[in-house]
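Residue numbers (our numbering): 163 to 347. Built from N, CA and C at the ideal position, the CB exists for glycine as well. Structure, as structure tokens:
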Ligand SMILES: [Zn+2]
């Protein structure tokens, strides 16, 4: 006869004599508790995945909370790595730290459960009609950053602009891509 040896319960950590080789919990209560916790974990994961699915794949710049969701890393860990410069980031202003998705993918592999694009993205066609653009002043006001910073970012990320009269305009789509994504902070 095979001698059964004590195991440690995966829920409470107490030693117990397993009823079968497959037993991992000391009691029915522990087994139930563990099941409940597993369900909570799965539910949280499903919620995170639902949020992650809302982040457009085409957005090159993602916020720290978004990066946390997409790559399954704790927000606090990411902020620490960003702070230490281990993950390069751009700071678009107070609470506007952005990480490049490409950089994250280079470090952590593909984002979780998101379908990858089948082919290279088509070259973007910019609509520089006035109604599809913000003026620099509008951008500064809308996103609470200085006009100087807006110009810097536009230059840095090669966002196309158009001068109409006295004002410089940039496509809404690109600007929204750059500065949005704060909703999870
Ligand atoms: Zn137990």
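### Task
Have a look at residue 176 and residue 184 and give me their C-alpha separation to the nearest angstrom.
For the purposes of this step, residue 176 is taken as residue 14 along the chain shown, with counting starting at 1. For the purposes of this step, residue 184 is taken as residue 22 along the chain shown, with counting starting at 1. Answer to the nearest angstrom: the Cα atoms are 16 Å apart.
### Chain-ordered residues, beta carbon under 6 Å from a heavy atom of ligand 1
171, 173, 174, 176, 187, 188, 189 and 192
#### Entry: Contact between the region 250-264 and the region 223-231 (3+ Cβ pairs under 8 Å)
yes
#### Entry: At least 3 beta-carbon pairs within less than 8 Å: the region 297-306 vs the region 322-332
yes
### Task
Determine the DSSP secondary structure at residue 324, reduced to helix, strand or coil.
On the chain shown, residue 324 is found 162 positions in, with the first residue counted as 1. Strand at residue 324.
### Task
Decide if the region 188-195 is in contact with the region 234-242; the criterion is three or more beta carbon pairs, one per stretch, under 8 Å apart.
no
### Task
Alpha carbon to alpha carbon, how far is residue 264 from residue 278? Give it in angstroms, no decimals.
Reading the chain shown from its first residue, position 116 is the one you call residue 278. Reading the chain shown from its first residue, position 102 is the one you call residue 264. Bear in mind that a pLDDT of 46 at residue 278, under 50, signals an unreliable position, so the number given afterwards is only what the model happens to contain. One C-alpha to the other measures close to 13 Å.
#### Entry: Buried versus exposed, by CB contacts within 10 Å (16 or more), residue 349
The question about residue 349 has no answer, for the chain in this structure spans 163 to 347.
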